[in-house]
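Heads up, the sequence shown is in full-length UniProt numbering, so the first residue is 1 and it goes up one at a time.
Yeah, the Cβ is synthetic: ideal placement off N, Cα and C, and Gly gets one too.
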Amino acid sequence: MKKKKRTLGKALMILMIAFFYLPILYMIIFSFNDGKSLTSFTGFSLRWYQHMLESQDMMTALYTTFSIAILATIVATVVGTVAAIGLSSSRKVIRNIMEQVNNLPMMNPEIVTAIGFMLLFITFKVEKGYVTMLLAHIAFCIPYVMLSVMPKIRSLDPNLADAAMDLGATPFKALTKVIVPQITPGIVSGALIAFTMSVDDFIISYFVTGSGVKNLSIVVYTMSKRVNPSINAVSTLVVVIITIVLLVINLAPVIAAKRVKKGGAVKRKRWVPAVAVCCVLVVAVAALQRGGITGKDRPFEGQTLHIYNWGEYTGENIIGDFEEETGATVVMENFDSNEQMYIKVANGEAYDILVPSDYMIQRLIEEDYLQKLDKSKLDCFDKLSDAVLGLPYDPNNDYSVPYFWGTVGIVYDKTKVDIKDLEREGYNIFLDQKYKGDVYLYDSERDSFMMALKALGYSMNTENEAELNEAYEWLVQCVETMDTEIVTDEIIDNMAQGRKALGLIYSGDASYVMAENEDMGYFMPETGTNLWSDAMVIPKNAKNPDLAHAFINYASDYDGAYDNSSYVGYTSANQEVMDDLSGEGGDYEGINAYIPRTDNENDEVFEYNADTKKIISDLWSRVKIAASNAG
1 MKKKKRTLGK ALMILMIAFF YLPILYMIIF SFNDGKSLTS FTGFSLRWYQ HMLESQDMMT
61 ALYTTFSIAI LATIVATVVG TVAAIGLSSS RKVIRNIMEQ VNNLPMMNPE IVTAIGFMLL
121 FITFKVEKGY VTMLLAHIAF CIPYVMLSVM PKIRSLDPNL ADAAMDLGAT PFKALTKVIV
181 PQITPGIVSG ALIAFTMSVD DFIISYFVTG SGVKNLSIVV YTMSKRVNPS INAVSTLVVV
241 IITIVLLVIN LAPVIAAKRV KKGGAVKRKR WVPAVAVCCV LVVAVAALQR GGITGKDRPF
301 EGQTLHIYNW GEYTGENIIG DFEEETGATV VMENFDSNEQ MYIKVANGEA YDILVPSDYM
361 IQRLIEEDYL QKLDKSKLDC FDKLSDAVLG LPYDPNNDYS VPYFWGTVGI VYDKTKVDIK
421 DLEREGYNIF LDQKYKGDVY LYDSERDSFM MALKALGYSM NTENEAELNE AYEWLVQCVE
481 TMDTEIVTDE IIDNMAQGRK ALGLIYSGDA SYVMAENEDM GYFMPETGTN LWSDAMVIPK
541 NAKNPDLAHA FINYASDYDG AYDNSSYVGY TSANQEVMDD LSGEGGDYEG INAYIPRTDN
601 ENDEVFEYNA DTKKIISDLW SRVKIAASNA G
């Protein structure tokens with residue numbers, strides 16, 4: 001019986017180890033994948049490590065992550081240890097109260113702590129950036145250090161310090177020579193926990209940072225919004241760094257003990273090698289991510305441009321090339337939605353360039369958050385496609401210069417979906433029981449309601465509540481009867497791998513899917529679709545509008561636009577770039593998703609209406625609840 005229990009225990013242990021470590025192994029293997037897919041290995045390559053090392057954004061984030069982790073760990077360890085020792089000598093009532101206060105941040109949901117820090121910095125008008133992130137990390141690391149040190153202090157003889165002072169030691173020597181050595185294991189454990197928590201943190205960092213300062217968690221989150229295998233490379237590098245630190249910490253005492261046996265006197269300071277290794281790594285990363293070209297006459301030398309853009313929405317080289325040409329420094333921050341961007345702008349945060357979508361540009365214009373462009377400083381309009389100029393949200397392009405544009409349509413597996421079904425049913429194919437369990441919906445209230453409204457023959461800009469409710473019922477039927485999976489950007493890689501028959505998708509994402517898998521197609525129903533546009537605008541509180549105009553010109557010119565479009569996959573507003581990428585030998589030759597449809601009278605541009613948006617937001621929440629209940 002005991003033998004069976006031991007066998008069962010070993011099996012469970014192996015399963016537990018596999019559960020934790022197989023995903024890490026999977027990630028490491030795919031960091032050497034030659035292709036862009038995160039699920040299909042196409043051959044060995046170091047291209048993503050090269051991309052990571054060439055990416056200033058990633059290397060800067062690596063430096064920020066480990067420099068903050070080391071500083072936060074040192075400060076939190078010192079403060080937490082001193083606080084724990086001080087509490088051990090306090091009255092019981094005070095000690096109990098402080099222990100409960102210390103436990104509160106660890107028991108609180110991280111989002112509560114994050115919002116608390118954010119409101120604190122906003123209240124005292126502290127500019128968010130590196131310092132605020134460091135202060136927040138120190139604050140949330142201290143309780144973990146105290147929690148690790150307190151049990152060691154309780155296990156000590158309370159008269160130990162008094163005995164040391166009776167023998168002639170000063171209070172400081174009694175602390176450093178008697179107390180601290182006895183509680184070193186607790187201090188080391190607390191420091192390791194603090195270091196790990198700091199490196200790992202995302203939520204608190206996300207809310208307390210600003211001015212373009214990002215740690216690896218934020219960068220990886222941003223990169224994960226679109227297919228970017230550099231995620232695997234940078235994550236593997238972090239695993240290697242942490243592994244090296246742990247090996248040094250665990251092997252150093254063993255080596256020291258062997259030396260002692262051989263007659264050498266070695267002091268057991270286990271934290272010294274760990275700190276040394278971390279410092280070396282930070283210095284190495286700093287050396288990799290810094291640099292620059294000097295000696296060239298550049299018109300904006302020393303100036304800074306603050307851009308607020310969608311994540312993974314710029315080319316690999318455009319930022320670096322612009323900095324080299326102008327001498328300026330570009331600080332790029334990313335948002336996940338137009339609404340998130342709007343909140344920051346409405347709260348007065350200053351950016352030089354925003355890249356919102358059509359309906360949000362309309363709202364920003366109406367609410368007087370944008371300044372008119374100085375067209376005497378722009379030479380880009382003649383290079384742009386006529387189809388993306390003069391759109392309803394800004395008919396004279398007084399406020400905006402198009403960045404990317406496209407449509408929303410149906411990506412489908414040509415081996416599973418009959419094109420005749422698509423032509424006959426249009427969006428109603430999402431209700432066809434033939435494809436039950438084989439359908440993706442995109443988690444976007446705006447585009448999902450567009451699909452439902454167009455399927456019913458209505459305008460996607462309707463203000464009629466009866467029509468909106470009818471669209472709601474259509475979507476509920478879809479999620480309840482079709483086993484529909486509601487997803488976001490994971491649809492890109494999933495459809496590239498042919499995991500479902502069809503799904504609602506943005507044209508730029510469909511371009512990537514079709515380039516990866518020749519069995520995939522893109523279809524836009526004749527009933528119409530969303531002809532969308534994202535454009536560059538300059539807020540009224542921009543600090544450097546001249547540099548903003550220079551960047552708009554650069555991003556709209558051939559080289560910048562080509563780098564953007566070829567890397568991201570969305571359609572360039574630059575006509576020559578669009579022709580070259582879609583023409584013979586281009587990256588998107590023969591891919592119809594890359595060229596937006598402009599000859600269908602049923603296609604529309606979204607218009608902003610606050611009342612309608614509230615209705616749609618509420619109805620979409622109910623659709624997702626229905627989908628959850630159906631699942």
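Quiz item: Expressed to the nearest angstrom, what Euclidean distance is found between the alpha-carbon atoms of residue 494 and residue 516?
Solution: 11 angstroms
Self-check item: Where the beta strand (DSSP E) containing residue 404 begins and where it ends
Solution: For residue 404, the enclosing beta strand (DSSP E) stretches over residues 400 to 406.
Self-check item: Coarse secondary structure for residue 602, derived from DSSP in three states
Solution: coil
Quiz item: With DSSP run on the structure shown, which of helix, strand or coil describes residue 617?
Solution: helix
Quiz item: Taking three-plus beta-carbon pairs below 8 angstroms as touching, is the segment 229 to 245 in contact with the segment 34 to 48?
Solution: yes
Quiz prompt | Three-state class that DSSP yields for residue 351 in the structure shown | solution = The answer is coil: DSSP assigns residue 351 none of H, G, I, E or B.
Exercise. Using 10 angstroms around the beta-carbon of residue 446, count the other beta-carbons present and answer buried if the total reaches 16, otherwise exposed.
Key: buried
Quiz item: In its own chain, which residues sit with a C-beta less than 7 angstroms from the C-beta of residue 87, not counting the 5 before and 5 after it?
Solution: 95, 98
Practice problem: Check whether the segment 115 to 123 touches the segment 74 to 90, taking contact to mean three or more Cβ pairs, one atom from each stretch, closer than 8 angstroms. | Solution: no
Practice problem: Answer yes if the segment 522 to 539 comes into contact with the segment 598 to 611, meaning at least three C-beta pairs across the two stretches below 8 angstroms, and no otherwise. | Solution: yes
Quiz item: Between residue 544 and residue 42, what straight-line distance do the alpha-carbon atoms span, to the nearest angstrom?
Solution: 45 angstroms
Quiz item: Per DSSP, what kind of secondary structure is residue 335 in: helix, strand or coil?
Solution: In the structure shown, residue 335 adopts extended strand secondary structure according to DSSP, grouped into three states.
Self-check item: Rounded straight-line distance, which links the Cα of residue 137 to that of residue 272
Solution: For residue 272, the predicted structure reports a pLDDT of 49, less than 50, and the residue's modelled location is therefore unreliable. A value from the coordinates is still provided. The straight-line gap from Cα to Cα measures roughly 21 angstroms.
Practice problem: Check residue 409 in the structure and name its three-state DSSP category. | Solution: Strand, per DSSP.
Self-check item: Terminal residues of the alpha helix (DSSP H) in which residue 139 lies
Solution: 130 to 154
Quiz item: In whole angstroms, what separates the C-alpha of residue 333 from that of residue 309?
Solution: When rounded, the distance between both Cα atoms is 6 angstroms.
Exercise. Give me the Cα-Cα distance between residue 630 and residue 127, rounded to the nearest whole angstrom.
Key: Rounded to the nearest angstrom, the two C-alpha atoms are 46 angstroms apart.
Quiz item: What separation, rounded to the nearest whole angstrom, lies between the Cα atoms of residue 664 and residue 438?
Solution: Residue 664 is absent from the model: the chain starts at 1 and stops at 631.
Quiz item: Whose C-alpha, out of 420, 70, 159, is nearest the C-alpha of residue 241?
Solution: 70
Self-check item: Euclidean distance between Cα positions of residue 210 and residue 541
Solution: So the alpha carbons of these two residues sit roughly 16 angstroms apart.
Quiz item: Touching or not, the segment 548 to 563 and the segment 311 to 319, by the rule of three or more beta carbon pairs under 8 angstroms?
Solution: yes
Practice problem: Determine the DSSP secondary structure at residue 115, reduced to helix, strand or coil. | Solution: helix
Quiz item: Out of 134, 239, 14, which has the shortest C-alpha to C-alpha gap to residue 28?
Solution: Comparing Cα-Cα distances from residue 28 to each of 134, 239, 14, the minimum goes to 239.
Self-check item: Extent of the continuous alpha helix (DSSP H) run through residue 108
Solution: Here residue 108 belongs to no alpha helix (DSSP H), and DSSP marks it neither H nor E.
Quiz prompt | Within 8 angstroms, strictly: CB atoms of residue 194 and residue 174 | solution = One thing to note: residue 194 has its Cβ no nearer than 8 angstroms to the Cβ of residue 174.
Quiz item: With burial defined as no fewer than 16 other Cβ atoms inside 10 Å of the residue's Cβ, what is the status of residue 417: buried or exposed?
Solution: With 16 or more Cβ atoms within 10 Å of its Cβ, residue 417 is classed as buried.
Quiz prompt | Beta-carbon gap between residue 151 and residue 186 smaller than 8 angstroms | solution = yes
Quiz item: In chain order, what residues of the same chain have a beta carbon less than 6 angstroms from the beta carbon of residue 487, not counting five sequence neighbours either side?
Solution: 440
Practice problem: Enumerate in chain order the residues of its own chain whose CB-to-CB distance from residue 474 is below 8 angstroms, with the five nearest sequence positions on each side excluded. | Solution: 431, 452, 455, 456
Quiz item: What residues in its chain sit with their C-beta under 6 angstroms from that of residue 35, if we drop five residues either side in the sequence?
Solution: 42
Practice problem: Give me the Cα-Cα distance between residue 293 and residue 324, rounded to the nearest whole angstrom. | Solution: Confidence at residue 293 is low in this model, with a pLDDT of 42, below 50, so its placement is unreliable and no value can be given for it.
Practice problem: Just mark residue 295 as buried or exposed, buried being the case when its beta carbon has 16 or more other beta carbons within 10 Å. | Solution: The predicted model places residue 295 with a pLDDT of 47, which falls under 50 and marks its position as unreliable; any figure quoted below should be read in that light. Around the beta carbon of residue 295, fewer than 16 other beta carbons sit within 10 angstroms, so the residue counts as exposed.
Quiz prompt | Three-state secondary structure (DSSP) of residue 473 | solution = helix
Quiz prompt | DSSP state of residue 524 mapped onto helix, strand, coil | solution = coil
Exercise. Specify, as a first and last residue, the run of the alpha helix (DSSP H) that residue 165 falls within.
Key: 160 to 166
Exercise. Under 6 angstroms Cβ to Cβ from residue 350, same chain only, skipping five residues before and after it: list those, please.
Key: 541, 543
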